[in-house]
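Presented below is the structure to which this report refers.
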Amino acid sequence: MHKTILITGGARSGKSRIAEGMTLQMGQPAHYIATAEAWDDEMRARIAEHQARRGPEWITHAAPLDVMGALAATDGKGPRLVDCLTLWLTNLMLGNHDWRAAGQELRAALPRQSSPVVFVSNEVGMGIVPENALARAFRDAAGTLNQWIAAEADEVIFAVSGLPMKVK
Amino acid sequence: MHKTILITGGARSGKSRIAEGMTLQMGQPAHYIATAEAWDDEMRARIAEHQARRGPEWITHAAPLDVMGALAATDGKGPRLVDCLTLWLTNLMLGNHDWRAAGQELRAALPRQSSPVVFVSNEVGMGIVPENALARAFRDAAGTLNQWIAAEADEVIFAVSGLPMKVK
Amino acid sequence: MHKTILITGGARSGKSRIAEGMTLQMGQPAHYIATAEAWDDEMRARIAEHQARRGPEWITHAAPLDVMGALAATDGKGPRLVDCLTLWLTNLMLGNHDWRAAGQELRAALPRQSSPVVFVSNEVGMGIVPENALARAFRDAAGTLNQWIAAEADEVIFAVSGLPMKVK
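Rendered as C-alpha cells:
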C-alpha cells in the first residue's frame, strides 16, 4: 500500500532517526534519497555521521536537486526516504531555480507513487523574525513547502526531543 | 455562544488559514480585525496576499493599536478574528506604549464579549537566544502575551505544517 | 515512586511554572536545583523574578555546573526540579567542559535516583539556521541533550502558550 509520511521538527529533534525507523518498517532494502551537498567540512561531517548510522539495508541516491527523478527511478522498488526537504529547498533557491514550480510538481507526483515515500523536513519559523530579507524569504518558502507536502501526506509527525507527536 | 480561541504557530504554519476557517464557521459576515501596518513593500505584499485570500464574507477593520476599540465596536455583530497578536505587540512596543497594561486590559475584556473572538499569534521563542536585547525583550513579551490569552481561551491550537494540533 | 519528567518549550512558554507545579505535587519541601548564573543585570532580573514566584516550600541549590552533585546530595529528601538543562549546557560549553561526557553521566544516573527529578529545558532549534558556527554547535548540543534526557524520562511535556502538550 502506498503511503506518504512527513516528519518535521527542529534541529536535532530526532526526526531523521524516527523517519529511518518508519521507512525500514515498510520494507527493505529501502532507498535513501539524500538532498545534502558537501559544501564545507561541517556539512561533510554531518553527512558522514548520518551515513554511519545507516546500515546496509539502505541504498543511497544523491539528489540535491532532482528529487523527482530519484522518486521516478526508485518507484516500485521499495520504500523511499527523502532527507530532507529543507536542504532541497536551499539547493533550489541557491541555484535560482523556481522552488514554487518544483514544489508543486513534487506535490502533484505524490498520489501517483506506488511505493511509500517518507519526507524529513525542518521547522525554521519559530524564532524571532530574521533581519535578513533572504532569510525571511527562505523561512516563508520552507513553511509553504511543508504545508504542501503535509496536505498530501497520510501521516504527519512533529518530532520533539527525539519523540514523535502525531499531527495527522 | 461566546467563545475565545487562540491559534498559534510559526511563520507560514497555516495559522491564519485555520483561524479564518474557524471564524467563518461561527457566523457570517465575520469581522477581520487587522493589526498589520504597511510599513514597507514586503509588508504591503503580505497584507495584499492575506486580503486576496479573504472573500466578501469578511468586514475588515484596521486596528494597529486599538484592538480593544475594534472588539467593542463589533461585539454582538458576528465573530471576530484578530490577526495577529504579535504584530499588535510590535506596534505597541515600537510606539512606546505599555504593552503589559494593554495586554492585561485585553485579557480582562475577553469574558465580557458576547460574540466569539479568534486570535492568531506567533511562536517566536524556539530559536537560538537573540544577541540583540530588544529582540530578547520582544520574544519574552510575545510569550507572556500568548500565555495571558491562552489562559482565557476556551480552545488553543498549535499549527504545524498547515495542520492544527489541539493544545487546550 | 521515582519518576523522571522533562518539560521542554520555547522562551516564555510557561515551562518553569508547569514544572514547579508538577514538582510540588510530588512532595514538599521540594529542591530547586538552579543552573542559572548571574552574569549580568538581565540575568539577575530573570533569576530574581523566578525566585519571587517560588515560595517557602522550596529549598534552593545553586548548581551552575555540578548538577550531578546536587542530585546526589538531595536524593531521598523529596522531589527535585532542575531549571534548566539549557543553561547547564551553556555553562559547560562556556567553561570548556566535555558536555557530552557530562550529559551521558547525567543520563546514566537517572535510573538510580530514588526521589523524582523534573527537568526544564528549552527548544532552540526551530528558527533559521544561525550564521554563527558556535550558535549552530550549541543548538545541536541542546537538541542532543534533550533527546538523551527524554529517552530516560517517564513523562515528556512540550509547553505552548503556558499549556502542557503530552509528548510521552
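Protein chains in written order, with the numbering used here: chain A, 1 to 168; chain B, 1 to 168; chain C, 1 to 168. We put the CB at the ideal spot given by N, CA and C, even for glycine. As the structure is a computational prediction, the values presented were derived from the model and not from experiment.
>> Helix, strand or coil for alanine 11/A? Go by DSSP, reduced to three states.
In response: DSSP places alanine 11/A in coil when its eight states are reduced to three.
> Any idea if alanine 36/C is buried or exposed, counting beta-carbon neighbours within 10 angstroms, 16 or more meaning buried?
Replying inline: Under this definition alanine 36/C is a buried residue.
>> Taking DSSP's pairing of strands, which residues face phenylalanine 158/A in a bridge?
In response: BP columns for phenylalanine 158/A point to Thr8/A, Met165/A.
> Quick one: is glutamine 147/B buried, meaning 16 or more other Cβ sit within 10 Å of its Cβ, or exposed?
Replying inline: Buried: at least 16 other Cβ atoms inside 10 Å.
> Leaving out five residues before and five after phenylalanine 119/B in sequence, what residues of the same chain have Cβ atoms less than 6 angstroms from its Cβ?
Replying inline: Cβ within range, chain order: Leu6, Val82, Leu85, Ile149.
>> So, for alanine 62/A: in the same chain, excluding its five sequence neighbours on each side, which residues have a beta-carbon less than 6 angstroms away from its beta-carbon?
In response: The beta carbon of alanine 62/A lies closer than 6 angstroms to those of Ala34 in the same chain, with the five residues before and after it left out.
> Would a check of beta-carbon distances place phenylalanine 138/B closer than 7 angstroms to chain C?
Replying inline: Cβ-Cβ to chain C under 7 angstroms: no for phenylalanine 138/B.
> What span of residues does the beta strand (DSSP E) with asparagine 122/B cover, start to end?
Replying inline: Following the DSSP letters along the chain, one finds asparagine 122/B inside the beta strand (DSSP E) bounded by residues 117-122.
>> I need the DSSP call for aspartate 75/B, collapsed to helix, strand or coil.
In response: In this structure, aspartate 75/B counts as coil in the three-state DSSP scheme.
> Would the segment 7-27 of chain C and the segment 149-159 of chain C be scored as touching if the rule is three or more Cβ pairs under 8 angstroms?
Replying inline: These segments touch.
> Mind listing which residues of the segment 146-165 of chain A have their C-beta closer than 9 angstroms to chain B's C-betas, in chain order?
Replying inline: When C-beta distances to chain B are compared with 9 angstroms, the residues of the segment 146-165 of chain A below that value are Asn146, Gln147, Trp148, Ile149, Ala150, Ala151, Ala153, Val156, Phe158, Met165, in chain order.
>> My assumption, with CB atoms under 8 angstroms, is that histidine 31/C sits in contact with serine 114/C. Please give the rounded CB distance.
In response: The beta-carbon separation of histidine 31/C and serine 114/C, rounded to 13 angstroms, does not stay under the 8 angstroms limit for a contact.
> Which residues in chain C sit within 8 angstroms of isoleucine 59/A, going by Cβ to Cβ distance?
Replying inline: Result: empty, since nearest Cβ-Cβ is about 27 angstroms, beyond 8 angstroms.
> What does a CB cutoff of less than 7 angstroms around alanine 19/A pick up in its chain, not counting 5 residues either side in sequence?
Replying inline: Closer than 7 angstroms at Cβ, skipping near neighbours: Ile7, Leu81, Asp83, Val118, Val120.
> If we call anything under 7 angstroms between Cβ atoms a contact, is threonine 169/B one with glutamate 105/B?
Replying inline: Because chain B here runs from 1 to 168, residue 169/B falls outside it and cannot be looked at.
>> I need the boundaries of the alpha helix (DSSP H) containing leucine 87/B, first residue and last residue.
In response: For leucine 87/B, the enclosing alpha helix (DSSP H) has its first and last residue at 85-94.
> Does the distance from the CB of alanine 102/B to the CB of leucine 92/B come in under 7 angstroms?
Replying inline: Pairing alanine 102/B with leucine 92/B gives a Cβ-Cβ distance under 7 angstroms.
> In chain B, which residues lie less than 8 angstroms from threonine 144/A when you measure between Cβ atoms?
Replying inline: Per Cβ cutoff of 8 angstroms: Arg12.
> What in chain B is Cβ-close to threonine 8/A, meaning under 8 angstroms?
Replying inline: Those are Val160, Ser161, listed as they occur along chain B.
> Quick one: does glycine 127/B have its CB under 7 angstroms from some CB of chain C?
Replying inline: Taking Cβ atoms only, chain C reaches closer than 7 angstroms to glycine 127/B, which makes this a yes.
>> Distance cutoff 7 angstroms, beta carbons only. Does valine 117/B sit that close to anything in chain A?
In response: So, not an interface residue.
> Applying a beta-carbon distance threshold of less than 7 angstroms, which residues of chain B neighbour alanine 135/C?
Replying inline: Within 7 angstroms Cβ-Cβ: Ile128.
> leucine 87/A and alanine 141/A look like a contact to me (Cβ under 8 angstroms); what is the Cβ gap, rounded to whole Å?
Replying inline: Between alanine 141/A and leucine 87/A the Cβ distance is about 13 angstroms, and since that is not below 8 angstroms, they are no contact.
> Can you tell me whether glutamate 49/A is buried or exposed, with buried defined as 16 or more other CB within 10 angstroms of its CB?
Replying inline: Classification of glutamate 49/A: exposed, given that the 10 Å Cβ count is below 16.
> Is it buried or exposed for arginine 139/B, if we count other Cβ within 10 angstroms and need 16 for buried?
Replying inline: Flag for arginine 139/B reads buried.
> Can you find a CB in chain A that lies within less than 7 angstroms of the CB of glutamate 123/B?
Replying inline: True, the Cβ-Cβ gap to chain A drops below 7 angstroms.
> Nearest chain A C-beta to valine 120/C closer than 7 angstroms, yes or no?
Replying inline: Cβ-Cβ to chain A under 7 angstroms: no for valine 120/C.
>> Between lysine 15/B and chain C, is the shortest Cβ-Cβ distance under 7 angstroms, so that the two count as touching?
In response: For lysine 15/B, the answer is no, since every Cβ of chain C falls outside 7 angstroms of its Cβ.
>> Spatial neighbours of leucine 65/C within its chain, please: C-beta separation below 6 angstroms, excluding the five flanking residues on both sides.
In response: Cβ neighbours of leucine 65/C beyond the five flanking positions: Asn91.
>> I need the straight-line Cα distance from tryptophan 58/C to glutamine 51/C, nearest angstrom please.
In response: It is roughly 10 angstroms from the alpha-carbon of tryptophan 58/C to the alpha-carbon of glutamine 51/C.
> Rounded to a whole number of angstroms, what is the C-alpha to C-alpha distance between glycine 9/B and methionine 126/A?
Replying inline: When the Cα atoms are used, glycine 9/B and methionine 126/A turn out to be separated by approximately 7 angstroms.
>> So for alanine 38/B, helix, strand or coil by DSSP?
In response: The three-state secondary structure of alanine 38/B, taken from DSSP, is coil.
> What separation, rounded to the nearest whole angstrom, lies between the Cα atoms of threonine 60/A and glycine 162/A?
Replying inline: Their Cα atoms are separated by approximately 24 angstroms.
> In three-state terms, what does DSSP make of alanine 153/C?
Replying inline: Reduced to three states, the DSSP call for alanine 153/C is coil.
> Can you tell me the Cα-Cα spacing of glutamate 131/C and glycine 78/B, whole angstroms?
Replying inline: Per the coordinates, the alpha-carbon of glutamate 131/C lies some 46 angstroms from the alpha-carbon of glycine 78/B.
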